[in-house]
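Undergrad:
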Amino acid sequence: MTAAVFLVALCLRPAITAVGPLLPQISVDEHLGEAAQGLLGALPLLAFALVSPQVHRLARRLGTERAVLVALLVLAAGGVVRSYAGDGGLWVGTVVIGCAIAVGNVLVPVIVKRDYAANVSRATGYYTACITLAAATASALAVPIAGLASWRLALSVWSLLALLIAAIWLPRTRPRTAAARAAATGPAGAGAGQAGAAEAGAAGADSAAAEAGAAALAGVSVWRQPRAWLITAFMGLQSTTFYVLVTWLPTVEIDGGVSERTAGLHLFLFQGMGIIGGLTIPFLLRHPRHRSLGAVVASLPVLLAIIGLLTAPALAVLWAAIAGLGQGAALVTALTLISLGGRDHAETTRLSGMAQSLGYLLAASGPFLAGLLAEQTGNWTASLFLVAAFALLQITAGAAAAHTRVPRSPQL
0 MTAAVFLVAL CLRPAITAVG PLLPQISVDE HLGEAAQGLL GALPLLAFAL VSPQVHRLAR
60 RLGTERAVLV ALLVLAAGGV VRSYAGDGGL WVGTVVIGCA IAVGNVLVPV IVKRDYAANV
120 SRATGYYTAC ITLAAATASA LAVPIAGLAS WRLALSVWSL LALLIAAIWL PRTRPRTAAA
180 RAAATGPAGA GAGQAGAAEA GAAGADSAAA EAGAAALAGV SVWRQPRAWL ITAFMGLQST
240 TFYVLVTWLP TVEIDGGVSE RTAGLHLFLF QGMGIIGGLT IPFLLRHPRH RSLGAVVASL
300 PVLLAIIGLL TAPALAVLWA AIAGLGQGAA LVTALTLISL GGRDHAETTR LSGMAQSLGY
360 LLAASGPFLA GLLAEQTGNW TASLFLVAAF ALLQITAGAA AAHTRVPRSP QL
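According to numbering that gives the first Met the number 0, numbering within the sequence shown proceeds without interruption in unit steps and concludes at 411.
In C-alpha coordinates:
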(Lines of atoms letter the chains of each structure in order from A; the text may use other names.)
(Lines give C-alpha, C1' and ligand atoms only; values in the text may rest on other atoms or scores of the structure.)
Protein backbone atom coordinates (compact mmCIF):
# COMPACT_ATOMS: atom_id res chain seq x y z
CA MET A 0 0.00 0.00 0.00
CA THR A 1 2.97 2.34 0.49
CA ALA A 2 3.46 2.23 -3.29
CA ALA A 3 0.19 4.17 -3.64
CA VAL A 4 2.18 7.39 -3.29
CA PHE A 5 3.63 6.76 -6.75
CA LEU A 6 0.10 6.49 -8.11
CA VAL A 7 -0.67 9.89 -6.62
CA ALA A 8 2.34 11.25 -8.49
CA LEU A 9 0.66 10.19 -11.73
CA CYS A 10 -2.04 12.83 -11.12
CA LEU A 11 0.24 15.83 -10.65
CA ARG A 12 0.68 16.94 -14.28
CA PRO A 13 -1.81 15.43 -16.82
CA ALA A 14 -4.52 18.03 -16.14
CA ILE A 15 -2.00 20.73 -17.09
CA THR A 16 0.02 19.14 -19.89
CA ALA A 17 -3.08 17.96 -21.77
CA VAL A 18 -4.07 21.58 -22.39
CA GLY A 19 -1.27 22.65 -24.74
CA PRO A 20 -2.12 20.35 -27.68
CA LEU A 21 -5.80 21.29 -27.34
CA LEU A 22 -5.41 25.08 -27.20
CA PRO A 23 -6.31 25.54 -30.89
CA GLN A 24 -9.63 23.75 -30.32
CA ILE A 25 -10.30 25.43 -26.97
CA SER A 26 -9.60 28.87 -28.40
CA VAL A 27 -12.15 28.38 -31.18
CA ASP A 28 -14.92 27.14 -28.90
CA GLU A 29 -14.25 29.67 -26.13
CA HIS A 30 -13.27 32.58 -28.41
CA LEU A 31 -9.87 33.08 -26.79
CA GLY A 32 -7.04 35.14 -28.23
CA GLU A 33 -3.41 34.24 -27.67
CA ALA A 34 -3.13 36.45 -24.59
CA ALA A 35 -6.17 34.79 -23.00
CA GLN A 36 -4.78 31.37 -23.86
CA GLY A 37 -1.50 32.36 -22.23
CA LEU A 38 -3.35 33.46 -19.11
CA LEU A 39 -5.12 30.11 -19.06
CA GLY A 40 -1.73 28.41 -19.07
CA ALA A 41 -0.42 30.71 -16.36
CA LEU A 42 -3.26 30.23 -13.86
CA PRO A 43 -2.05 26.87 -12.46
CA LEU A 44 1.38 28.39 -11.84
CA LEU A 45 -0.13 31.31 -9.97
CA ALA A 46 -2.03 28.79 -7.87
CA PHE A 47 1.22 26.91 -7.19
CA ALA A 48 2.91 30.10 -6.04
CA LEU A 49 0.07 31.19 -3.76
CA VAL A 50 -1.06 27.84 -2.36
CA SER A 51 2.21 25.92 -1.90
CA PRO A 52 3.41 28.00 1.07
CA GLN A 53 0.12 27.27 2.87
CA VAL A 54 -0.02 23.51 2.35
CA HIS A 55 1.67 22.78 5.66
CA ARG A 56 -1.32 24.34 7.44
CA LEU A 57 -3.72 22.00 5.65
CA ALA A 58 -1.53 18.99 6.42
CA ARG A 59 -1.29 20.00 10.06
CA ARG A 60 -5.07 20.33 10.33
CA LEU A 61 -6.13 17.20 8.41
CA GLY A 62 -3.05 15.02 8.51
CA THR A 63 -0.84 14.37 5.49
CA GLU A 64 -2.78 11.39 4.12
CA ARG A 65 -6.16 13.07 4.42
CA ALA A 66 -4.84 16.25 2.84
CA VAL A 67 -3.69 14.22 -0.16
CA LEU A 68 -7.12 12.57 -0.39
CA VAL A 69 -8.84 15.95 -0.35
CA ALA A 70 -6.46 17.18 -3.05
CA LEU A 71 -7.29 14.21 -5.29
CA LEU A 72 -11.02 14.75 -4.89
CA VAL A 73 -10.72 18.49 -5.52
CA LEU A 74 -8.56 17.77 -8.57
CA ALA A 75 -11.24 15.48 -9.97
CA ALA A 76 -13.95 18.06 -9.32
CA GLY A 77 -11.85 20.80 -10.90
CA GLY A 78 -11.46 18.78 -14.07
CA VAL A 79 -15.21 18.38 -14.41
CA VAL A 80 -15.88 22.05 -13.69
CA ARG A 81 -13.28 23.12 -16.25
CA SER A 82 -14.87 21.10 -19.03
CA TYR A 83 -18.59 21.26 -18.32
CA ALA A 84 -19.49 24.24 -16.09
CA GLY A 85 -20.02 26.79 -18.84
CA ASP A 86 -18.03 29.86 -19.81
CA GLY A 87 -16.65 30.67 -16.37
CA GLY A 88 -16.02 27.02 -15.61
CA LEU A 89 -12.95 26.93 -17.83
CA TRP A 90 -11.27 29.53 -15.66
CA VAL A 91 -12.61 28.48 -12.27
CA GLY A 92 -11.82 24.83 -12.93
CA THR A 93 -8.27 25.68 -13.99
CA VAL A 94 -7.67 27.56 -10.74
CA VAL A 95 -9.14 24.70 -8.70
CA ILE A 96 -6.92 22.21 -10.52
CA GLY A 97 -3.84 24.33 -9.82
CA CYS A 98 -4.66 24.54 -6.11
CA ALA A 99 -5.18 20.79 -5.83
CA ILE A 100 -1.96 19.97 -7.66
CA ALA A 101 -0.06 22.41 -5.44
CA VAL A 102 -1.01 20.30 -2.43
CA GLY A 103 0.27 17.16 -4.11
CA ASN A 104 3.46 18.89 -5.25
CA VAL A 105 4.34 19.60 -1.65
CA LEU A 106 3.11 16.49 0.15
CA VAL A 107 4.08 13.65 -2.20
CA PRO A 108 7.84 14.23 -1.67
CA VAL A 109 7.27 14.47 2.08
CA ILE A 110 5.53 11.08 2.08
CA VAL A 111 8.25 9.57 -0.09
CA LYS A 112 10.95 10.72 2.33
CA ARG A 113 8.98 9.42 5.30
CA ASP A 114 7.99 6.02 3.93
CA TYR A 115 11.22 5.28 2.05
CA ALA A 116 13.77 6.71 4.47
CA ALA A 117 16.28 3.96 3.65
CA ASN A 118 16.08 4.54 -0.12
CA VAL A 119 15.13 8.17 -0.55
CA SER A 120 17.14 8.74 -3.72
CA ARG A 121 15.73 5.72 -5.50
CA ALA A 122 12.16 6.42 -4.38
CA THR A 123 12.50 10.04 -5.45
CA GLY A 124 13.64 8.88 -8.86
CA TYR A 125 10.55 6.68 -9.12
CA TYR A 126 8.07 9.42 -8.26
CA THR A 127 9.67 12.00 -10.53
CA ALA A 128 9.62 9.44 -13.34
CA CYS A 129 5.92 8.83 -12.66
CA ILE A 130 5.21 12.56 -12.86
CA THR A 131 7.09 12.96 -16.13
CA LEU A 132 5.67 9.86 -17.79
CA ALA A 133 2.10 10.79 -16.89
CA ALA A 134 2.63 14.33 -18.16
CA ALA A 135 4.05 13.08 -21.43
CA THR A 136 1.26 10.53 -21.87
CA ALA A 137 -1.40 13.18 -21.35
CA SER A 138 0.21 15.31 -24.06
CA ALA A 139 0.28 12.43 -26.51
CA LEU A 140 -3.31 11.29 -25.88
CA ALA A 141 -4.98 14.70 -25.78
CA VAL A 142 -5.66 15.09 -29.50
CA PRO A 143 -6.64 11.43 -30.15
CA ILE A 144 -9.14 11.50 -27.27
CA ALA A 145 -10.51 14.83 -28.46
CA GLY A 146 -10.97 13.27 -31.88
CA LEU A 147 -13.32 10.69 -30.35
CA ALA A 148 -15.59 13.32 -28.81
CA SER A 149 -14.29 16.79 -27.92
CA TRP A 150 -11.54 18.61 -26.09
CA ARG A 151 -13.81 18.67 -23.04
CA LEU A 152 -13.64 14.89 -22.75
CA ALA A 153 -9.89 14.91 -23.44
CA LEU A 154 -9.38 17.18 -20.42
CA SER A 155 -11.98 15.76 -18.04
CA VAL A 156 -10.91 12.14 -18.53
CA TRP A 157 -8.06 12.76 -16.11
CA SER A 158 -10.64 13.33 -13.37
CA LEU A 159 -11.38 9.61 -13.60
CA LEU A 160 -7.73 8.85 -12.89
CA ALA A 161 -7.81 11.12 -9.83
CA LEU A 162 -10.98 9.43 -8.53
CA LEU A 163 -9.53 5.96 -9.05
CA ILE A 164 -6.35 6.81 -7.19
CA ALA A 165 -8.37 8.52 -4.45
CA ALA A 166 -10.18 5.22 -3.92
CA ILE A 167 -6.86 3.39 -3.71
CA TRP A 168 -5.51 6.02 -1.33
CA LEU A 169 -8.54 5.99 0.99
CA PRO A 170 -7.33 3.13 3.27
CA ARG A 171 -4.23 5.16 4.11
CA THR A 172 -6.37 7.83 5.77
CA ARG A 173 -7.57 5.52 8.54
CA PRO A 174 -6.30 6.75 11.92
CA ARG A 175 -4.81 3.40 12.96
CA THR A 176 -2.92 3.05 9.71
CA ALA A 177 -1.57 6.59 9.92
CA ALA A 178 -0.54 6.20 13.56
CA ALA A 179 1.24 2.93 12.90
CA ARG A 180 3.06 4.38 9.94
CA ALA A 181 4.19 7.42 11.90
CA ALA A 182 5.46 5.25 14.74
CA ALA A 183 7.36 3.00 12.37
CA THR A 184 8.99 5.66 10.27
CA GLY A 185 9.57 8.52 12.66
CA PRO A 186 9.76 12.13 11.54
CA ALA A 187 9.35 12.83 7.87
CA GLY A 188 12.55 12.80 5.95
CA ALA A 189 14.70 11.50 8.83
CA GLY A 190 18.15 10.58 7.70
CA ALA A 191 17.65 11.63 4.12
CA GLY A 192 20.54 14.08 4.08
CA GLN A 193 21.67 16.22 1.19
CA ALA A 194 24.34 14.03 -0.33
CA GLY A 195 24.79 12.74 -3.82
CA ALA A 196 22.22 12.37 -6.50
CA ALA A 197 19.98 15.06 -7.83
CA GLU A 198 16.88 13.07 -6.97
CA ALA A 199 17.77 13.56 -3.33
CA GLY A 200 17.98 17.24 -4.09
CA ALA A 201 14.47 17.13 -5.51
CA ALA A 202 13.14 15.43 -2.40
CA GLY A 203 14.91 17.88 -0.11
CA ALA A 204 13.67 20.88 -2.00
CA ASP A 205 10.06 19.78 -2.34
CA SER A 206 9.68 18.43 1.20
CA ALA A 207 11.00 21.71 2.51
CA ALA A 208 8.07 23.40 0.80
CA ALA A 209 5.75 21.76 3.33
CA GLU A 210 6.93 24.41 5.77
CA ALA A 211 7.50 27.12 3.21
CA GLY A 212 4.63 29.38 4.19
CA ALA A 213 5.79 31.01 7.38
CA ALA A 214 9.39 29.89 7.12
CA ALA A 215 10.06 31.56 3.79
CA LEU A 216 8.86 34.87 5.17
CA ALA A 217 10.39 34.48 8.61
CA GLY A 218 13.88 33.72 7.30
CA VAL A 219 14.73 37.32 6.48
CA SER A 220 18.45 36.62 6.10
CA VAL A 221 17.84 34.26 3.18
CA TRP A 222 16.34 37.16 1.25
CA ARG A 223 19.57 39.09 1.80
CA GLN A 224 21.86 36.40 0.39
CA PRO A 225 22.97 36.85 -3.24
CA ARG A 226 23.22 33.08 -3.63
CA ALA A 227 19.58 32.65 -2.63
CA TRP A 228 18.48 35.18 -5.25
CA LEU A 229 20.60 33.49 -7.91
CA ILE A 230 19.10 30.09 -7.08
CA THR A 231 15.62 31.61 -7.09
CA ALA A 232 16.30 33.21 -10.47
CA PHE A 233 17.51 29.92 -11.91
CA MET A 234 14.52 28.04 -10.51
CA GLY A 235 12.10 30.62 -11.89
CA LEU A 236 13.72 30.91 -15.31
CA GLN A 237 13.87 27.17 -15.94
CA SER A 238 10.22 26.91 -14.86
CA THR A 239 9.35 29.79 -17.18
CA THR A 240 10.92 28.23 -20.27
CA PHE A 241 9.35 24.86 -19.44
CA TYR A 242 5.81 26.16 -19.06
CA VAL A 243 6.04 28.43 -22.09
CA LEU A 244 7.01 25.41 -24.19
CA VAL A 245 4.43 23.10 -22.61
CA THR A 246 1.73 25.69 -23.27
CA TRP A 247 2.73 26.97 -26.70
CA LEU A 248 5.02 24.50 -28.47
CA PRO A 249 2.11 22.57 -30.04
CA THR A 250 0.47 25.79 -31.24
CA VAL A 251 3.74 27.09 -32.67
CA GLU A 252 4.15 23.85 -34.61
CA ILE A 253 0.51 23.73 -35.74
CA ASP A 254 0.74 27.29 -37.04
CA GLY A 255 3.84 26.15 -38.92
CA GLY A 256 1.95 23.38 -40.69
CA VAL A 257 2.33 20.41 -38.33
CA SER A 258 -0.83 18.40 -37.60
CA GLU A 259 -2.39 18.55 -34.14
CA ARG A 260 -1.71 14.86 -33.55
CA THR A 261 1.95 15.19 -34.51
CA ALA A 262 2.37 18.31 -32.38
CA GLY A 263 0.97 16.39 -29.41
CA LEU A 264 3.46 13.58 -30.02
CA HIS A 265 6.28 16.11 -30.18
CA LEU A 266 5.20 17.44 -26.78
CA PHE A 267 5.24 13.84 -25.52
CA LEU A 268 8.81 13.54 -26.80
CA PHE A 269 9.74 16.87 -25.21
CA GLN A 270 8.63 15.71 -21.78
CA GLY A 271 9.84 12.14 -22.17
CA MET A 272 13.37 13.27 -23.01
CA GLY A 273 13.33 15.16 -19.73
CA ILE A 274 13.71 11.84 -17.93
CA ILE A 275 16.99 11.20 -19.74
CA GLY A 276 18.25 14.70 -19.03
CA GLY A 277 17.35 14.41 -15.37
CA LEU A 278 19.13 11.09 -14.99
CA THR A 279 22.36 12.15 -16.71
CA ILE A 280 23.05 15.61 -15.26
CA PRO A 281 23.82 14.29 -11.73
CA PHE A 282 27.16 13.01 -13.02
CA LEU A 283 28.26 16.64 -13.28
CA LEU A 284 26.38 17.95 -10.26
CA ARG A 285 27.87 15.51 -7.77
CA HIS A 286 31.28 17.25 -8.01
CA PRO A 287 31.31 20.79 -6.53
CA ARG A 288 33.91 21.98 -9.04
CA HIS A 289 31.69 20.93 -11.94
CA ARG A 290 28.36 22.37 -10.79
CA SER A 291 28.68 25.63 -12.70
CA LEU A 292 29.46 23.63 -15.82
CA GLY A 293 26.49 21.39 -15.03
CA ALA A 294 24.14 24.38 -14.79
CA VAL A 295 25.36 25.65 -18.16
CA VAL A 296 25.13 22.22 -19.80
CA ALA A 297 21.60 21.81 -18.44
CA SER A 298 20.50 25.20 -19.78
CA LEU A 299 22.12 25.31 -23.21
CA PRO A 300 19.83 22.78 -24.94
CA VAL A 301 16.76 25.00 -24.57
CA LEU A 302 18.60 27.94 -26.12
CA LEU A 303 19.80 25.73 -28.98
CA ALA A 304 16.28 24.39 -29.51
CA ILE A 305 14.77 27.87 -29.70
CA ILE A 306 17.40 28.94 -32.22
CA GLY A 307 16.54 25.80 -34.17
CA LEU A 308 12.82 26.59 -34.16
CA LEU A 309 13.59 30.06 -35.48
CA THR A 310 16.02 28.98 -38.20
CA ALA A 311 14.96 25.44 -39.16
CA PRO A 312 11.32 24.90 -38.08
CA ALA A 313 10.99 21.85 -40.34
CA LEU A 314 13.16 19.96 -37.82
CA ALA A 315 10.66 20.60 -35.01
CA VAL A 316 10.86 17.03 -33.72
CA LEU A 317 14.63 17.39 -33.21
CA TRP A 318 14.27 20.70 -31.39
CA ALA A 319 11.54 19.26 -29.16
CA ALA A 320 13.84 16.40 -28.16
CA ILE A 321 16.79 18.70 -27.47
CA ALA A 322 14.67 21.11 -25.44
CA GLY A 323 13.30 18.20 -23.43
CA LEU A 324 16.79 17.01 -22.51
CA GLY A 325 17.61 20.47 -21.26
CA GLN A 326 14.40 20.92 -19.30
CA GLY A 327 14.82 17.67 -17.41
CA ALA A 328 18.43 18.46 -16.60
CA ALA A 329 17.63 22.04 -15.58
CA LEU A 330 14.87 20.99 -13.18
CA VAL A 331 17.15 18.52 -11.41
CA THR A 332 19.90 21.14 -11.30
CA ALA A 333 17.58 23.71 -9.74
CA LEU A 334 16.33 21.32 -7.08
CA THR A 335 19.87 20.19 -6.30
CA LEU A 336 21.07 23.78 -5.88
CA ILE A 337 18.18 24.39 -3.49
CA SER A 338 19.02 21.29 -1.47
CA LEU A 339 22.68 22.25 -1.23
CA GLY A 340 22.05 25.96 -0.82
CA GLY A 341 21.32 26.08 2.90
CA ARG A 342 23.67 25.57 5.80
CA ASP A 343 21.14 23.49 7.69
CA HIS A 344 17.62 22.12 7.31
CA ALA A 345 15.95 25.30 8.59
CA GLU A 346 17.75 27.54 6.13
CA THR A 347 17.16 25.10 3.28
CA THR A 348 13.46 25.22 4.15
CA ARG A 349 13.45 29.00 3.87
CA LEU A 350 15.44 28.90 0.64
CA SER A 351 13.02 26.37 -0.84
CA GLY A 352 10.05 28.53 0.07
CA MET A 353 11.66 31.58 -1.49
CA ALA A 354 12.80 29.81 -4.67
CA GLN A 355 9.53 27.99 -5.31
CA SER A 356 7.15 30.81 -4.47
CA LEU A 357 8.95 33.51 -6.45
CA GLY A 358 9.96 31.00 -9.11
CA TYR A 359 6.39 30.04 -9.88
CA LEU A 360 5.34 33.69 -9.90
CA LEU A 361 7.98 34.36 -12.54
CA ALA A 362 7.00 31.24 -14.46
CA ALA A 363 3.37 32.34 -14.53
CA SER A 364 4.34 35.38 -16.57
CA GLY A 365 5.92 33.32 -19.35
CA PRO A 366 2.90 31.74 -21.08
CA PHE A 367 0.92 34.99 -20.83
CA LEU A 368 3.70 37.19 -22.24
CA ALA A 369 4.43 34.74 -25.06
CA GLY A 370 0.75 34.65 -26.01
CA LEU A 371 0.43 38.43 -25.78
CA LEU A 372 3.43 38.95 -28.07
CA ALA A 373 2.02 36.49 -30.60
CA GLU A 374 -1.34 38.24 -30.52
CA GLN A 375 0.23 41.66 -31.05
CA THR A 376 2.68 40.64 -33.79
CA GLY A 377 0.66 37.99 -35.59
CA ASN A 378 3.41 35.35 -35.43
CA TRP A 379 5.61 33.50 -32.95
CA THR A 380 8.99 35.04 -33.75
CA ALA A 381 8.99 37.61 -30.95
CA SER A 382 7.71 35.01 -28.48
CA LEU A 383 10.53 32.61 -29.37
CA PHE A 384 13.07 35.40 -28.97
CA LEU A 385 11.56 36.02 -25.52
CA VAL A 386 12.12 32.37 -24.59
CA ALA A 387 15.69 32.61 -25.91
CA ALA A 388 16.25 35.62 -23.65
CA PHE A 389 14.91 33.67 -20.68
CA ALA A 390 17.28 30.82 -21.57
CA LEU A 391 20.28 33.16 -21.72
CA LEU A 392 19.41 34.58 -18.31
CA GLN A 393 18.96 31.04 -17.02
CA ILE A 394 22.48 30.10 -18.14
CA THR A 395 23.92 33.15 -16.40
CA ALA A 396 21.98 32.67 -13.17
CA GLY A 397 22.72 28.95 -13.01
CA ALA A 398 26.45 29.33 -13.53
CA ALA A 399 26.63 32.08 -10.91
CA ALA A 400 24.44 30.24 -8.39
CA ALA A 401 26.46 27.04 -8.67
CA HIS A 402 29.74 28.96 -8.38
CA THR A 403 28.76 31.03 -5.33
CA ARG A 404 29.71 29.41 -2.05
CA VAL A 405 27.29 28.86 0.81
CA PRO A 406 27.97 31.56 3.43
CA ARG A 407 29.51 30.25 6.62
CA SER A 408 28.02 32.72 9.05
CA PRO A 409 26.01 30.97 11.78
CA GLN A 410 23.46 33.80 11.78
CA LEU A 411 20.14 32.61 10.26
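Every residue gets a Cβ at the ideal spot worked out from N, C-alpha and C, and that includes glycine.
(1) For the structure I just gave you, are there three or more beta carbon pairs, one from the region 245-264 and one from the region 14-34, closer than 8 Å?
(2) Tell me the rounded alpha-carbon separation between residue 419 and residue 277.
(3) Is the Cβ-Cβ distance between residue 275 and residue 325 less than 8 Å?
(4) Once the 5 residues before and after residue 88 are set aside, which same chain residues still bring their CB inside 7 Å of it?
(5) If residue 99 sits next to residue 67, beta carbons under 8 Å apart, how far is it from one beta carbon to the other, in whole angstroms?
(6) So is residue 265 buried or exposed if we call it buried at 16+ other beta carbons inside 10 Å?
(7) How long is the line joining the alpha carbons of residue 93 and residue 288, rounded to whole angstroms?
(8) Can you tell me whether DSSP reads residue 152 as helix, strand or coil?
(9) Which class does residue 228 belong to by DSSP, given the choice of helix, strand or coil?
(10) Given a cut-off of 8 Å on the beta-carbon distance, is the pair residue 164 and residue 156 in contact?
(11) Taking the alpha carbon of residue 379 as the point to measure from, which residue in 85, 262, 281, 309 has its own alpha carbon closest?
(12) How many Å lie between residue 13 and residue 138 at the Cα?
(13) Out of 364, 64, 112, 270, which one is the CA nearest neighbour of residue 131?
(14) Rounded C-beta distance between residue 97 and residue 42? I'm assuming under 8 Å.
(15) Do residue 2 and residue 107 have their CB atoms nearer than 8 Å?
(16) Using only alpha-carbon positions, find the residue among 295, 389, 294, 71 that is nearest to residue 238.
(17) For residue 236 versus residue 381, is the C-beta spacing smaller than 8 Å?
(18) Does DSSP classify residue 10 as helix, strand or coil?
(19) Report back the beta-carbon spacing between residue 370 and residue 34 to the nearest angstrom; my notes put them in contact at under 8 Å.
(20) So, helix, strand or coil for residue 378, using DSSP?
(21) Does residue 253 come out as helix, strand or coil in the three-state DSSP assignment?
(22) Give every residue of the same chain whose Cβ lies closer than 7 Å to the Cβ of residue 184, excluding the five residues on either side of it in the sequence, and list them in chain order.
(23) Just to confirm my understanding: we take residue 23, look at its own chain, exclude 5 residues before and 5 after, and list those with CB closer than 7 Å. What are they?
(24) Pick helix, strand or coil for residue 117, following the three-state DSSP scheme.
(25) When we look at the beta-carbon of residue 173 and count the other beta-carbons within 10 Å, is it buried (16 or more) or exposed?
(26) According to DSSP, is residue 399 helix, strand or coil?
(27) Write down the C-beta distance between residue 336 and residue 267 rounded to the nearest angstrom, noting that I regard them as a contact closer than 8 Å.
(28) Beta-carbon within less than 6 Å of residue 329's beta-carbon, same chain only, minus the 5 sequence neighbours each way: which residues are those?
(29) How would you call residue 48, buried or exposed, if buried means at least 16 neighbouring beta carbons within 10 angstroms?
(30) Determine the DSSP secondary structure at residue 286, reduced to helix, strand or coil.
(31) Do residue 293 and residue 283 count as a contact pair if the criterion is CB distance below 8 Å?
(32) When the Cα atoms are used, what is the spatial distance from residue 135 to residue 36?
(33) Whose C-beta lies closer than 7 Å to the C-beta of residue 103 among residues of the same chain, with five residues either side of it excluded?
(34) Are residue 257 and residue 315 closer than 8 Å when you measure CB to CB?
(35) Can you tell me where the alpha helix (DSSP H) holding residue 414 begins and where it ends?
(36) Can you tell me the Cα-Cα spacing of residue 311 and residue 377, whole angstroms?
TA: On the basis of the supplied data:
(1) yes
(2) Limits of the chain in this structure are 0 at one end and 411 at the other, which puts residue 419 out of reach.
(3) Residue 275 places its beta carbon 8 Å or farther from that of residue 325.
(4) 80, 81
(5) Not confirmed; about 10 Å, so no contact.
(6) buried
(7) 43 Å
(8) helix
(9) helix
(10) no
(11) 309
(12) Residue 13 and residue 138: Cα-Cα distance of roughly 8 Å.
(13) 270
(14) Contact holds; Cβ gap of about 6 Å.
(15) Contact: no.
(16) Residue 238 has its Cα closest to that of 389, out of 295, 389, 294, 71.
(17) no
(18) coil
(19) Between residue 34 and residue 370 the Cβ distance is about 5 Å, and since that is below 8 Å, they are a contact.
(20) coil
(21) In the three-state reduction of the DSSP assignment, residue 253 falls in the helix class.
(22) With a pLDDT of 45 at residue 184, under the threshold of 50, the modelled position of this residue cannot be trusted, and the question is left open.
(23) 250, 253, 259
(24) Of the three classes helix, strand and coil, the one that applies to residue 117 here is helix, per DSSP.
(25) exposed
(26) helix
(27) So it is not a contact: roughly 28 Å between Cβ atoms.
(28) 237, 297, 298
(29) Answer is buried; the Cβ neighbour count reaches 16.
(30) coil
(31) yes
(32) 20 Å
(33) 7, 10, 11, 67, 70
(34) yes
(35) This structure cannot speak to residue 414, because the chain is shown only from 0 to 411.
(36) 19 Å
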